[in-house]
Structure formats: C-alpha cells, structure tokens
Amino acid sequence: MMHDQSNTVRAKRHDQYYFRDGSVILRSEDTLYCLYGEMLRRKSDLFHTMLPDHPVQGDLVGIMDETGRARPRDGSCDDYPIPLSTFHTAGEFNELLSFIFDEWTPVPRTLESLVAILKTASFYLIQNAREYAIDQLSTYKSFPAPLRFHLARRYRVLAWISPAVRQLFALPYRDMSDEDMELIGLGPLSGLMRARERIETHRKSVAAGPPAPRHDVACKDQEACTRAWNHAWWGTFNKPGVAKALLHPTKPVPGYDLIEKLEDFNAVGMHPDCRRWTLSWLCIPPASRRFSLEETIIDNFIDQYTTILQNAM
Ligand SMILES: [Zn+2]
Numbered sequence: 039m040m041h042d043q044s045n046t047v048r049a050k051r052h053d054q055y056y057f058r059d060g061s062v063i064l065r066s067e068d069t070l071y072c073l074y075g076e077m078l079r080r081k082s083d084l085f086h087t088m089l090p091d092h093p094v095q096g097d098l099v100g101i102m103d104e105t106g107r108a109r110p111r112d113g114s115c116d117d118y119p120i121p122l123s124t125f126h127t128a129g130e131f132n133e134l135l136s137f138i139f140d141e142w143t144p145v146p147r148t149l150e151s152l153v154a155i156l157k158t159a160s161f162y163l164i165q166n167a168r169e170y171a172i173d174q175l176s177t178y179k180s181f182p183a184p185l186r187f188h189l190a191r192r193y194r195v196l197a198w199i200s201p202a203v204r205q206l207f208a209l210p211y212r213d214m215s216d217e218d219m220e221l222i223g224l225g226p227l228s229g230l231m232r233a234r235e236r237i238e239t240h241r242k243s244v245a246a247g248p249p250a251p252r253h254d255v256a257c258k259d260q261e262a263c264t265r266a267w268n269h270a271w272w273g274t275f276n277k278p279g280v281a282k283a284l285l286h287p288t289k290p291v292p293g294y295d296l297i298e299k300l301e302d303f304n305a306v307g308m309h310p311d312c313r314r315w316t317l318s319w320l321c322i323p324p325a326s327r328r329f330s331l332e333e334t335i336i337d338n339f340i341d342q343y344t345t346i347l348q349n350a351m
C-alpha cells in the first residue's frame with residue numbers, strides 16, 4: 039500500500055484527535071492530528087527526539103525556503119504538518135491515541151486494535167502502551183498461533199515464543215492458510231515441518247514396536263504374559279491400545295501424556311507384578327526417553343527461536 043505523505047493530497051483533520059489547544063500538527067496518510075507535543079515527548083522516547091521542545095502551532099516566523107521566502111515551521115499548521123512514519127497507517131496510529139487518551143470505561147478491544155497498539159507502541163517506544171498490548175494479547179481468547187509467533191519475533195516478545203511454538207506444533211497443516219504460512223516465515227516453517235515429520239516417524243516407530251515387558255520372578259508363564267502385554271499395546275476392538283493413541287489421525291496423544299496414561303493401561307492376562315514392574319520401568323530414563331523425544335524436539339525448537347530473539351535484543 040502507498041502512503042502518500044505529500045501535501046498535494048488533501049488531508050483531513052481527525053474528528054477526535056485534532057485538539058485545538060494542541061501544540062503540534064502531525065500527519066499520517068491523509069489524516070491530520072493536533073496533539074500536545076510535551077505530552078508525547080514525555081511518553082515516547084522517539085517523539086522525544088522527533089518533536090521540537092517548544093510549541094510550534096501558529097509559529098509563522100518560520101524558516102526560509104529555497105526561494106528565500108519565509109516558510110512556516112513543520113508542525114505549525116495544517117499545510118506544514120510533521121509527517122509520521124509510513125511504517126504504520128493512520129488507522130493504527132488512531133489505536134495508539136485511543137490508548138493514550140483512554141476513556142473512563144474501556145471497551146473490549148479487538149485483536150486488530152491490540153496488534154496496532156503493540157506495533158505503534160513498539161515503534162514510538164511507548165513502554166506502558168506496549169506492556170498493555172502484550173498483557174491483553176497474552177490472555178486474548180482467539181490469538182492465532184502463526185500471528186503470535188510472527189509478532190513475538192517482530193516486536194521481540196520473548197514470553198510468546200514458547201506458547202506460540204506449542205500451538206504451531208499442534209496446528210493441523212490443513213488449517214493453515216497461505217497468509218499463516220507467510221506469517222510464520224519460510225525458515226521457521228520448514229524447520230517446523232521437519233520437526234513435525236521427525237515426531238510423526240518417531241510415533242510410528244514407538245507404536246509399531248511395543249517395548250518388551252519385564253517379568254517378575256513370580257511370573258510362571260512369560261510367554262502368555264508377554265502376549266497379554268502386546269495385545270494391550272495394540273488394543274482390542276473395544277479397548278484402544280497405546281499404538282492407537284499414538285497414531286490417532288486427528289488427536290494423537292502426545293508422548294509425554296502417554297506415560298501418565300500408561301497408569302490406566304489394562305493388560306488383561308498379564309501378571310500384576312510384571313505389569314507394575316514394566317510400567318515403572320517405562321516411566322524412568324532411559325526407557326521413558328522414547329516417550330519424551332517428542333517433547334525434546336519441541337523444546338529444542340523453542341530454545342532455537344528464543345536464542346535468536348535474545349541475541350537480536
Ligand atoms: Zn510376566
């Protein structure tokens with residue numbers, strides 16, 4: 039989108055944020071704002087360096103232009119506003135102003151509004167507005183994982199990397215739009231796909247190979263006991279086994295949950311002491327690593343992007 043900041047496009051005064059007693063006139067796209075320079079300078083580190091430290095509205099003494107004529111100072115009138123960055127739109131700037139000039143009864147903000155505040159507050163270095171947006175978005179009900187991951191990286195919100203990555207690992211590819219994929223970015227997306235494929239392959243190999251059970255000295259028929267264990271692993275027509283839980287096409291049980299689920303593992307016909315021993319053996323390393331590899335892969339992915347972000351801060 040083009041943001042024409044030139045004075046040739048007729049700009050209109052904003053209904054709400056053109057304060058007649060303001061001290062400086064700003065322009066974003068085709069909207070004019072008259073705001074309080076001193077207030078903006080105090081709130082924002084960027085405005086502090088960007089705006090003059092004296093009122094400019096109505097300052098017609100001005101400076102000379104190339105032809106030697108007096109020219110009003112930038113920010114002093116509608117024809118000579120201070121242009122704002124094209125990094126954001128006027129609509130996004132309005133959202134920031136709606137936070138700065140807050141109403142007594144705040145309305146619940148939309149996702150777009152909160153994202154606009156995060157973006158503009160990060161740009162203008164307005165700490166409390168940025169914290170507000172991060173806080174609100176963190177508990178926002180439908181905050182899509184691709185957007186969360188994108189914003190976390192772009193605006194350096196370290197705390198969002200982990201929840202966003204976990205959501206991305208659980209998000210079916212068929213539910214990802216082209217736009218979602220663009221938000222995630224090519225590098226992370228291919229990393230994600232490789233990691234998920236590794237998990238998939240690992241699940242299959244875990245499902246396909248039931249671990250050999252441990253037999254207690256009390257076990258009289260190891261062969262029957264092992265058969266009962268394998269049976270329970272694969273499952274029967276009315277009792278799904280571990281393999282089915284691992285390979286479930288839409289809601290597979292994550293490996294780390296499986297260890298807890300093993301408690302309910304009902305191996306009918308298996309010697310109770312063998313069952314107890316086998317299950318406790320599966321719950322501790324090295325046997326448990328087979329079930330926690332998935333979690334390790336996800337943790338590594340989180341660590342990788344956390345480190346990249348930390349190094350960029
Ligand atoms: Zn046994």
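With the working numbering applied, the sequence shown has no gaps in its numbers, which climb one by one up to 351 at the end. Each residue gets a CB set at the ideal place from its N, CA and C atoms; glycine is no exception.
Would you check if the distance between the CB atom of THR158 and the CB atom of HIS188 is smaller than 8 Å?
-> Here residue 158 corresponds to residue number 120 of the sequence shown, with the count starting at 1. Here residue 188 corresponds to residue number 150 of the sequence shown, with the count starting at 1. Contact: no.
Would you list the residues whose beta-carbon is nearer than 5 Å to any heavy atom of ligand 1, in the order they occur in the chain?
-> Listed along the chain, these residues meet the criterion: HIS253, CYS257, CYS263, HIS309, CYS312.
State the beta-bridge partners of CYS115 as determined by DSSP.
-> As a position in the sequence shown, residue 115 is number 77, starting the count at 1. Beta-bridge pairing links CYS115 to TYR118.
On a CA-only basis, which of ASP68, LYS242, LEU331, MET77 is nearest PHE57? Give me that one, please.
-> Position 19 of the sequence shown, counted from the first residue, corresponds to residue 57. PHE57 has its Cα closest to that of MET77, out of ASP68, LYS242, LEU331, MET77.
DSSP puts PRO278 in a beta bridge; with which residues?
-> Here residue 278 corresponds to residue number 240 of the sequence shown, with the count starting at 1. Answer is GLY273.
Is there contact here, the stretch 318 to 337 with the stretch 234 to 246, by at least three beta-carbon pairs under 8 Å?
-> Contact between the stretch 318 to 337 and the stretch 234 to 246 is present, with at least three C-beta pairs closer than 8 Å.
Starting from ILE340, trace the alpha helix (DSSP H) both ways and give me its first and last residue.
-> Counting from 1 along the sequence shown, the entry for residue 340 is found at position 302. Start and end: 327 to 350.
Inter-stretch contact at 8 Å, needing at least 3 Cβ pairs: the stretch 263 to 276 / the stretch 298 to 315 = With contact defined as three or more Cβ pairs closer than 8 Å, the stretch 263 to 276 and the stretch 298 to 315 are in contact.
Could you tell me which of SER114, ALA190, ASP213, SER180 sits nearest to GLY60, measuring between CA atoms?
-> Translated into the one-based positions of the sequence shown, residue 60 becomes position 22. Among SER114, ALA190, ASP213, SER180, the Cα nearest to that of GLY60 is on SER114.
State the CB to CB distance for the pair TYR178 and LEU152, rounded to an integer number of angstroms; the pair is presumed to be in contact (CB under 8 Å).
-> Taking the sequence shown and counting its residues from 1, the one referred to as residue 178 is at position 140. Taking the sequence shown and counting its residues from 1, the one referred to as residue 152 is at position 114. The pair is a contact, with the Cβ atoms about 7 Å apart (cut-off 8 Å).
Just mark MET39 as buried or exposed, buried being the case when its beta carbon has 16 or more other beta carbons within 10 Å.
-> Taking the sequence shown and counting its residues from 1, one reaches residue 39 at position 1. A caution first: MET39 carries a pLDDT of 41, below 50, which makes its placement in the model unreliable, though a value can still be read off. Burial call: exposed.
Report the three-state DSSP secondary structure of LEU353 (helix, strand or coil).
-> Lying outside 39 to 351, the shown extent of the chain, residue 353 is not represented and no answer is given.
What are the start and end residues of the alpha helix (DSSP H) that includes CYS72?
-> Along the sequence shown, read from residue 1 onward, the residue named residue 72 stands at position 34. According to the DSSP assignment, CYS72 belongs to no alpha helix (DSSP H) but to the beta strand (DSSP E) extending over 69 to 73.
Pairwise C-alpha distance: THR345 and LEU224 = The count along the sequence shown starts at 1 and reaches residue 224 at position 186. The count along the sequence shown starts at 1 and reaches residue 345 at position 307. For the pair LEU224 and THR345, the Cα-to-Cα distance works out to about 18 Å.
Which whole runs of the alpha helix (DSSP H) in the stretch 171 to 201 are 4 residues long or more, in chain order?
-> Entirely contained in the stretch 171 to 201, the alpha helix (DSSP H) runs reaching 4 residues are, in chain order, 183 to 192.
As assigned by DSSP and simplified to three states, the class of ARG51 | Reading the sequence shown from its first residue, position 13 is the one you call residue 51. In this structure, ARG51 counts as strand in the three-state DSSP scheme.
Look up ARG109 in the DSSP assignment and say whether it is helix, strand or coil.
-> Indexing the sequence shown from 1 puts residue 109 at position 71. ARG109 falls in the strand class under three-state DSSP.
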